[in-house]
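Report on the structure given below.
Residue numbers (the working numbering), protein chains in the order written: chain A, 87 to 389; chain B, 16 to 530.
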C-alpha cells in the first residue's frame, strides 16, 4: 500500500468520528441553539455503545444505544435552553461536565475490556481501485453512512420544507411562529437529533475504531466540532472539508509517530487541532457567513 | 389569488366581509380596545385612523388572530368566528402586512414565500414557486426578484414581497398596518394602484394610517379610534373636514403648522459646518456617502430627504463628528476639522436627535431624570439626580412635550414616550446646530405639531437645524432648503419654496437634478 493509502486508511475513520458531531452541531445551530454539550453527548454515546455491545454481543445494538444516549444529552440541553430559557453556553458546559462525570463512574468497570469493533464491509469493485480504494471502500458501515449524510443534510436544509423551517427558526423564530409552526418544538427536535448524531460520533470512536472504552476518550472532538461548524460558516460542505482535514492531520501525526521520528509526543497530539484551527481561520475569511441571525449575539459575530 | 365568491346578487343588501361588534381587549388594567364596532364591505377600502395608543394595532391584531379579544363578536361573511391564530386568519382568507415586516433577510424571496404558504410541498419546487411569484407580481404591478436574498432588497421591494407573499396565500380581506411610512411618493402611488386593483376584484382592505392625505386619496370609509373607543364608525371621509377628523382623533382641535415663509438665500451668513466632497464607508464596506458637499447655515432649516438607508445616518454621524470620512473635507466655522472629533463638535454647539433613540439614547436601568443628568453631564464631575429632576421639569415646562415623570425608568417606556423625553432634552438645549433625525417619527398629531413649532422657534432664534425626515410634507413645511440623498449621493439641494412632492420624489429615486 502506498503512503497516501496508508494515511487515508487512518484518516477516514477518524474524520467520520468528527463529521457526525459536526453535522449534529450544524443542525442544532441552524435552529438557533449552540450545543457545547456535544462533547458530553459523544462520551455518553461512546460508553453506552461499548456497554450495550458487551451486554448483547451485537455492535449494532451498541450503535442504537449510542444514538439514544446522545439524544438524551441533547434533550437535557434543549429542555434547559428551549423550555426554561437557560443560557446556551452555561447549559452546554454543564451537560458536558455531567456526562464526563457520569461516564467515568459508570464506565470504570468497563475500562480495559476489549470488544470486536464494527466489521469492515468491503465494497466489491470500488475497493479494488489502486491506492485509495481500500481506504475509502473497505471500512465499517458508519463510514459509508457518513458519505451519504453530507449531501443528504445539504439537500434537506436547502430543498425541503422542514429544512427551510429549520433555517428560518435560527434566523427569526417570530416569523416561523407567524407562519404557523412552533419554533420551540423545532429547536427541541433539532438539538435532540443533532446530539444523537454526536452520540453516533462517539460510537464511531469507541466501537468503530478502537473497540474499547476509556475515560474521557473523546479528547475534545465535541469542541472541535463546534469550532468546525463556526469556521465552516454553517454549511454542510464546509463541515465535510473541516472534518476530513482534521482526520488527515490526525493520521499524519500518527504516521510520523509510527515511523519513530523524534518529535515531542504532546506537540504531535496537539498538531491536528492546531492545523484544523489555522486552516479554518484562513478559509473562513472568504465568502459570506451563513451565521443564523439569532446566533450572532451569542457568538458575538459581527456582520 | 383573491377569492371572488362575494359577488352579491342585485337587490339583497351585500353581506359585510367583516363585522366587529363591541370588541374589548385589555392588557392588565389597560383597556386597549374598549367596545369597538365597525363594518367592512367587499371591495371597500376602510381606513383606521387614530393617535398613538388609540388601539388600532391591537384591533387589527385581534382580527388577524395575534391577540384573543376578551369579549365582543367578529362576524366573517355574516358568520360568527373565533380567530385563534394567524394561521386560522389565513384559512379564513384574511391577510395582513405588518409594519415591522415579517421577512427573513438571510433567505431568498421565494424561500420566504415558501415558508409562509400552507400548500408548500415537502420537497420544495423553487422553479414552480418562482413562476407563481412572478405571475402574481406582474398581475398586481409589484415588481419583485424571486431569486434574490431579501437583505439585498430596497425597503420598497421588501414591502412588495410581503404583499406578494400575502396575496399568494389567497384572501378576500387584506389588512395593511401603516404601509406608506417607509415608501417614496412613487412607491406609494404604486401601492395605491395595487389597492385599487384588489378592490376591483372585491377584496376588502383595511388600512391603518395617521395621514389624512391618504384617507382622502383612497379610503371609502373611515373609522376613527381614540383611547380604545370608536369615535367615528364607517363614515365616508368626503363628508368630513380635516378639522373634524383631527378633532375626532385628538379630542380637541389642533392648529396645523403653516408652511414657513422662507427666505431663499442667506448670502451673507457664514456656514457653521461645510462638507465638501465627503465620502463615508459603512461598516459593511459599501459607500454610505459619496462625494457629498453641502453647507449648514445659521438660521436655516436644511431638510434631508431620501428613502430609508440612503445615507441619512452617515450624514448625521458625520455632522456630529462621529465618523471618519474616507475622503473630502469637513469645515467647522471656516476651519478644517479632522474627524472623528465628537468632543470638538459638541463644544461648538452641535447636538443631535438620534435616529434610533431606543438604542442610541436609552441607558437601560436609568430613569428619565438620570438621562437628563447625563445629557448635562458633559465636562462636569458631579452627577446630581435631584437637580436633574428639577431640570427635566423646567425643560418640560419650556418644551410642552408632556414628558414622563423623572422617576420613570427609560427602558420601560414606549417608543413615543422615549422620543418625547429625547426631544424635550434636545429642543430645550441651547445649541448652534441641531441635527434632528426623524424627530416626529412615531409621535401623535399633538406632539408632532409641538415638535415642529419648537424646531421652527429654534431656527428663528438663529440656530441651524438639519432636519432628516421621511415625511415629505414635514420637510416641505419646515425647510428652507431640501437636500435629497439617493444611494449615498446628493442628487440635489432645492429651495423648499420651489419644490413639491413629485420633484423631491424623483430626486429620491436617484435622478439628478437638472442643472
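Glycine included, every Cβ here is placed at the ideal spot set by N, Cα and C. These numbers were taken from a predicted model, which means no experiment stands behind them.
Residue i (DSSP reduced to helix, strand or coil)
i                      : result
residue 236 of chain B : strand
residue 97 of chain B  : coil
residue 510 of chain B : strand
residue 23 of chain B  : Note that residue 23 of chain B scores 43 on pLDDT, short of 50, meaning its location in the model is unreliable; the coordinates nonetheless yield the value given after this. In this structure, residue 23 of chain B counts as coil in the three-state DSSP scheme.
residue 41 of chain B  : strand
residue 48 of chain B  : strand
residue 485 of chain B : coil
residue 254 of chain B : helix
residue 53 of chain B  : strand
residue 104 of chain B : helix
residue 140 of chain B : coil
residue 131 of chain B : helix
residue 198 of chain B : coil
residue 471 of chain B : helix
residue 148 of chain A : helix
residue 91 of chain B  : strand
residue 218 of chain A : coil
residue 111 of chain B : strand
Exposure of residue i, with buried meaning 16 or more beta-carbon neighbours within 10 Å
i                      : result
residue 274 of chain B : exposed
residue 95 of chain B  : exposed
residue 351 of chain A : exposed
residue 484 of chain B : buried
residue 341 of chain B : exposed
residue 207 of chain A : exposed
residue 589 of chain B : Nothing in the structure corresponds to residue 589 of chain B, since chain B is present only between 16 and 530.
residue 284 of chain A : buried
residue 97 of chain B  : exposed
residue 251 of chain B : exposed
residue 17 of chain B  : Residue placement at residue 17 of chain B is flagged as unreliable, the pLDDT there being 49, under the threshold of 50; the coordinate-derived value follows with that caveat. Burial call: buried.
residue 376 of chain B : buried
Cα-Cα separation, residue i to residue j
i                      : j                      : result
residue 369 of chain B : residue 300 of chain B : 23 Å
residue 476 of chain B : residue 123 of chain B : 51 Å
residue 263 of chain B : residue 239 of chain B : 7 Å
residue 36 of chain B  : residue 46 of chain B  : 16 Å
residue 301 of chain A : residue 160 of chain A : 21 Å
residue 155 of chain A : residue 277 of chain A : 13 Å
residue 502 of chain B : residue 509 of chain B : 18 Å
residue 429 of chain B : residue 191 of chain B : 22 Å
residue 297 of chain B : residue 221 of chain A : 50 Å
residue 310 of chain A : residue 360 of chain A : 10 Å
residue 406 of chain B : residue 414 of chain B : 12 Å
residue 433 of chain B : residue 425 of chain B : 7 Å
residue 120 of chain A : residue 88 of chain B  : 45 Å
residue 52 of chain B  : residue 325 of chain B : 41 Å
residue 526 of chain B : residue 289 of chain B : 24 Å
residue 401 of chain B : residue 382 of chain B : 11 Å
residue 386 of chain B : residue 445 of chain B : 17 Å
residue 299 of chain A : residue 292 of chain A : 6 Å
residue 318 of chain B : residue 199 of chain B : 16 Å
residue 474 of chain B : residue 284 of chain B : 14 Å
residue 182 of chain B : residue 108 of chain B : 10 Å
residue 216 of chain B : residue 58 of chain B  : 7 Å
residue 201 of chain A : residue 322 of chain A : 33 Å
residue 439 of chain B : residue 70 of chain B  : 25 Å
residue 188 of chain B : residue 460 of chain B : 29 Å
residue 353 of chain B : residue 478 of chain B : 23 Å
residue 32 of chain B  : residue 312 of chain B : 55 Å
- Which ranges does the alpha helix (DSSP H) cover as unbroken runs of at least 4 residues, wholly within the region 335 to 397 of chain B, from first to last along the chain? 357 to 362, 372 to 375 and 383 to 391
- Task: Taking only runs that begin and end inside the region 334 to 383 of chain A, name each unbroken alpha helix (DSSP H) of 4 or more residues, in chain order.
- Result: 351 to 369 and 379 to 382
- Task: Give, in chain order, every residue of the region 115 to 146 of chain A whose Cβ lies closer than 7 Å to some Cβ of chain B.
- Result: none
- Message: So within the region 239 to 279 of chain A, which uninterrupted alpha helix (DSSP H) runs reach at least 4 residues, ignoring any that extend past its ends?
- Response: 247 to 257 and 259 to 264
- Mind pulling the beta strand (DSSP E) runs of 3 or more residues that sit fully within the region 416 to 463 of chain B? 448 to 452
- Could you give the uninterrupted runs of the alpha helix (DSSP H) lying entirely in the region 263 to 320 of chain B, keeping only those of 4 residues or more? none
- Query: When you check each C-beta in the region 265 to 279 of chain A against every C-beta of chain B, which residues fall closer than 7 Å?
  - Reply: 265 and 266
- Query: Between the region 109 to 132 of chain B and chain A, which residues of the former have a C-beta closer than 9 Å to a C-beta of the latter?
  - Reply: 113, 117, 118, 119, 120, 121, 122, 126, 127, 129, 130, 131 and 132
- Task: Could you list the residues in the region 231 to 245 of chain A with a C-beta less than 7 Å from some C-beta on chain B, going in chain order?
- Result: 245
- Can you list, in chain order, the residues of the region 85 to 101 of chain B whose Cβ is nearer than 9 Å to any Cβ on chain A? 100 and 101
- Query: Relative to chain B, which residues along the region 313 to 324 of chain A have a C-beta separation below 8 Å, given in chain order?
  - Reply: none
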